[in-house]
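Asks:
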Amino acid sequence: MSTYRTARCPRCGHVLDGPFYEPCPVCAKEGHNLNHITEFDLSGAKLPGPGTGDEGIFRFREFYAIGDGDPVVSLHEGNTPLYRLNRLGKALGFENLYVKDESRNPTGSHKDRLCAVIVSRALAEGAPGITVSSTGNQGMSAAAYASAAGLPCVIFTTPNVSDTMKTAMQIYGAKLFVLPTMADRTVLMERCVRDFGFVPASGLASPPIGSSCFGVDGYKSISFEIYEQMDQSVPDWVVMPISYGDGMYGIYKGMRDLKEMKYIDRLPRMAAAEVYGGAKETMRQKSEFPIPAPGEPSIQTSIATPWVTWQTVHALYDCNGAAETCADPEALEMQKELARTEGIYAETASVASLVAAKKLLDAGTIRKEERVVAVITSPGVKDPAVSRAALPEAPAITASVDEWKKAMKDVYGYELG
Ligand SMILES: [Zn+2]
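At the far end of the sequence shown sits residue 419, using the numbering used here, and the numbering has no gaps.
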């Protein structure tokens, strides 16, 4: 049975009484944009065992705001592997480094957990369609789930999005539109929601408050799976790449559920990996409100945003967490190292978690013997052009052994005997 009770502003307690995508009206009057956050009554609730219940993340459906008997839209998301990175861990100086590989979801990112819940709710409510502003992962996921539900999906994007991402969004059935700027795409998405009743799978508010509070609960399943995969325990640290921080906040909520149900007695510490350092600066100043950190365009497009949300910052405060930045050259270097040591070709924004973990280790914030789970959110094959620039041009040669031997040495520095 669903344990969902209500959604409330985490700052002032205002109960959600309108569309989920509107910020809390009380805090808005004071000039602050906040999302409502779901609340559950977990007295008597238990985790279902692996292999029981509904498909994908809906095995945990009682922990989402999904009505009993309502249809759910699953593409067998979740149940992603968690394993130890022995070679990379050793190279970086960790004794217990693990990865939770979210690139193994159906559309190749953790967003599938978010969209599974958003689209299921939209279907149950009889919504006419789904709309999203996206640089790629969220759009791909929304498109696939909308199609599975038989709903149209309208995506607004910008010209800098890779052809691979555009192709993927369209192959999943989305009606894709390219707008000149990020602000332009929000204008049309807002009309799509307010005039035509489509359900937004990304936030409308500016400054951003995060995605649907109901959808973010889908990320709680990451924590439940980690708990099962680590033999009914949680790590000392979970390191997550963040944009606004919905993924990290959802994982934190899952950990809090585990604590409330008395499966664990303390929350793991969480670390946010970001491009520009908004969360890091906010924490340094111990500010109640997020401090934006603008910056130059980055190749880590999935997380290159200046804003982090209120609830994400407060989750970091609550678990005694940390935040660290990842610059583009650091991401490219880690992308190669992860691929060459562990066979995982992750997107640059994903390996930000490993870059941040290494920096926190070097700073003494993370101790080398602590168990650290870095979340990989998406694969590198979605945007290979950014990796291409950091690799040598593959030499074009004729079938001449001499030519081949020379290129082996000149391009790859390998001398054949
Ligand atoms: Zn409020």
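Every residue, glycine too, gets a C-beta built ideally from N, C-alpha and C.
Rank 378, 324, 123 by C-alpha distance to the C-alpha of residue 100 and give the top, closest one.
Replies: Within the sequence shown, numbered from 1, the residue matching residue 100 stands at position 98. The residue with the shortest Cα to Cα distance from residue 100 is 378.
Asks: May I ask you to report which of helix, strand or coil DSSP gives residue 384?
Replies: One-based indexing of the sequence shown puts residue 384 at position 382. Correct three-state label for residue 384: helix.
Asks: So if I measure from each beta-carbon to every heavy atom of ligand 1 and keep distances below 6 Å, which residues remain?
Replies: 11, 13, 14, 16, 26, 28, 29, 36
Asks: In the DSSP output, what is residue 274 paired with across the bridge?
Replies: The sequence position of residue 274 within the sequence shown is 272, counting from 1. Beta-bridge pairing links residue 274 to 242, 325.
Asks: Can the beta-carbon of residue 392 be found less than 8 Å from the beta-carbon of residue 340?
Replies: Sequence index remark: in the sequence shown, residue 392 carries index 390 (1-based). Sequence index remark: in the sequence shown, residue 340 carries index 338 (1-based). For residue 392 and residue 340, no; Cβs fall outside 8 Å.
Asks: Please classify residue 65: does DSSP put it in a helix, a strand, or coil?
Replies: Against the sequence shown, residue 65 aligns to sequence position 63. Of the three classes helix, strand and coil, the one that applies to residue 65 here is helix, per DSSP.
Asks: State the beta-bridge partners of residue 155 as determined by DSSP.
Replies: Here residue 155 is taken as the residue at index 153 of the sequence shown, counted from 1. DSSP output for residue 155 lists 132 as bridge partner(s).
Asks: Could you check the C-alpha separation between residue 275 and residue 360 for me, to the nearest Å?
Replies: Residue mapping note: residue 275 aligns to position 273 of the sequence shown, counting from 1. Residue mapping note: residue 360 aligns to position 358 of the sequence shown, counting from 1. Using only the alpha carbons, I get a separation of about 11 Å.
Asks: Give the range of the beta strand (DSSP E) segment to which residue 88 is assigned.
Replies: Looking up residue 88 in the sequence shown gives position 86. That residue, residue 88, is in no beta strand (DSSP E); its alpha helix (DSSP H) goes 88–94.
Asks: Going by other Cβ atoms of all chains shown within 10 Å of its Cβ, with 16 needed for buried, is residue 233 buried or exposed?
Replies: On the sequence shown, position 231 is the one that residue 233 refers to. Classification of residue 233: exposed, given that the 10 Å Cβ count is below 16.
Asks: In angstroms with no decimal places, state the Cα-to-Cα distance between residue 311 and residue 410.
Replies: Working through the sequence shown from its first residue, we reach residue 311 at position 309. Working through the sequence shown from its first residue, we reach residue 410 at position 408. Taking the straight line joining both Cα atoms gives about 50 Å.
Asks: Buried or exposed for residue 253, going by 16 or more other Cβ atoms inside 10 Å?
Replies: Numbered from its first residue, the sequence shown carries residue 253 at position 251. By the neighbour-count rule (16 or more Cβ atoms within 10 Å), residue 253 is buried.
Asks: How many Å lie between residue 414 and residue 406 at the Cα?
Replies: Start at 1 with the first residue of the sequence shown, and residue 414 comes out as number 412. Start at 1 with the first residue of the sequence shown, and residue 406 comes out as number 404. When rounded, the distance between both Cα atoms is 11 Å.
Asks: Have a look at 136, 20, 26, 79 and flag the residue whose alpha-carbon is nearest the alpha-carbon of residue 170.
Replies: Against the sequence shown, residue 170 aligns to sequence position 168. Ranking the options by Cα distance to residue 170, first place goes to 136.
Asks: On the DSSP bridge list, what partners appear for residue 120?
Replies: In the sequence shown, the residue the question calls residue 120 occupies position 118. Under DSSP, residue 120 forms no beta bridge with any residue.
Asks: The beta strand (DSSP E) that contains residue 6, what's its start and end?
Replies: By one-based count along the sequence shown, residue 6 stands at place 4. Per DSSP, residue 6 is one residue of the beta strand (DSSP E) stretching across 6–10.
Asks: Per DSSP, residue 378 forms a beta bridge with which residues?
Replies: Taking the sequence shown and counting its residues from 1, the one referred to as residue 378 is at position 376. BP columns for residue 378 point to 103.
Asks: Could you name the residues that DSSP lists as bridge partners for residue 373?
Replies: As a position in the sequence shown, residue 373 is number 371, starting the count at 1. DSSP lists 98 as partners of residue 373.
Asks: Mark residue 398 as exposed unless 16 or more other C-beta atoms lie within 10 angstroms of its C-beta, in which case mark it buried.
Replies: Here residue 398 refers to the residue found at position 396 of the sequence shown. Exposed: under 16 other Cβ atoms inside 10 Å.
Asks: Just checking my contact of residue 317 with residue 277 at CB under 8 Å: how many whole Å lie between their CB atoms?
Replies: Start at 1 with the first residue of the sequence shown, and residue 317 comes out as number 315. Start at 1 with the first residue of the sequence shown, and residue 277 comes out as number 275. Not confirmed; about 19 Å, so no contact.
Asks: For residue 388 versus residue 293, is the C-beta spacing smaller than 8 Å?
Replies: Taking the sequence shown and counting its residues from 1, one reaches residue 388 at position 386. Taking the sequence shown and counting its residues from 1, one reaches residue 293 at position 291. No. Outside cutoff.
Asks: May I ask you to report which of helix, strand or coil DSSP gives residue 253?
Replies: Working through the sequence shown from its first residue, we reach residue 253 at position 251. For residue 253, the three-state secondary structure derived from DSSP is helix.
Asks: Kindly identify the DSSP beta-bridge partner or partners of residue 441.
Replies: In the structure as shown, the chain begins at 3 and stops at 419. Residue 441 is therefore absent and cannot be evaluated.
Asks: Would you mind sorting residue 288 into buried or exposed? The rule is 16 or more other CB atoms within 10 Å of its CB.
Replies: The sequence position of residue 288 within the sequence shown is 286, counting from 1. Classification for residue 288: exposed.
Asks: Near residue 221, which residues of its chain fall below 6 Å by C-beta distance, leaving aside the five closest residues on each side in sequence?
Replies: Residue 221 sits at position 219 when you count from the first residue of the sequence shown. Close CB contacts of residue 221 within its chain, under the 6 Å cut and outside five residues either way in sequence, are with 115, 249, 252, 253 (chain order).
Asks: Just checking, does the stretch 159–167 make contact with the stretch 178–186 on the three C-beta pairs under 8 Å criterion?
Replies: yes
Asks: Under 8 Å Cβ to Cβ from residue 230, same chain only, skipping five residues before and after it: list those, please.
Replies: Within the sequence shown, the letter at position 228 stands for residue 230. The residues are 49, 52.
Asks: Whose C-beta lies closer than 7 Å to the C-beta of residue 257 among residues of the same chain, with five residues either side of it excluded?
Replies: Position 255 of the sequence shown, counted from the first residue, corresponds to residue 257. These residues qualify, in order along the chain: 225, 236, 269, 270.
Asks: Does the Cβ-Cβ distance between residue 96 and residue 374 come in under 8 Å?
Replies: Within the sequence shown, numbered from 1, the residue matching residue 96 stands at position 94. Within the sequence shown, numbered from 1, the residue matching residue 374 stands at position 372. Yes, the Cβ-Cβ distance between residue 96 and residue 374 is below 8 Å.
Asks: When burial is assigned at 16 or more other CB atoms within 10 Å of the CB, is residue 74 buried or exposed?
Replies: Stepping through the sequence shown from its first residue, residue 74 is reached at position 72. With 16 or more other Cβ atoms within 10 Å, it is buried.
Asks: Pick helix, strand or coil for residue 179, following the three-state DSSP scheme.
Replies: As a working note, residue 179 is residue 177 in the sequence shown. Here residue 179 sits in strand by DSSP.
Asks: Using the rule of at least 16 other Cβ atoms within 10 Å of the residue's Cβ for burial, across every protein chain shown, is residue 102 buried or exposed?
Replies: Along the sequence shown, one-based indexing puts residue 102 at 100. Residue 102 should be labelled buried.
Asks: Nearest to residue 202 by alpha carbon, out of 240, 261, 117?
Replies: As a first step, residue 202 is located in the sequence shown; it is residue number 200 there, counting from the start. For the residues 240, 261, 117, the minimum Cα distance to residue 202 belongs to 117.
Asks: Can you tell me the Cα-Cα spacing of residue 191 and residue 148, whole angstroms?
Replies: For the purposes of this step, residue 191 is taken as residue 189 along the sequence shown, with counting starting at 1. For the purposes of this step, residue 148 is taken as residue 146 along the sequence shown, with counting starting at 1. The alpha-carbon atoms of residue 191 and residue 148 are separated by roughly 16 Å.
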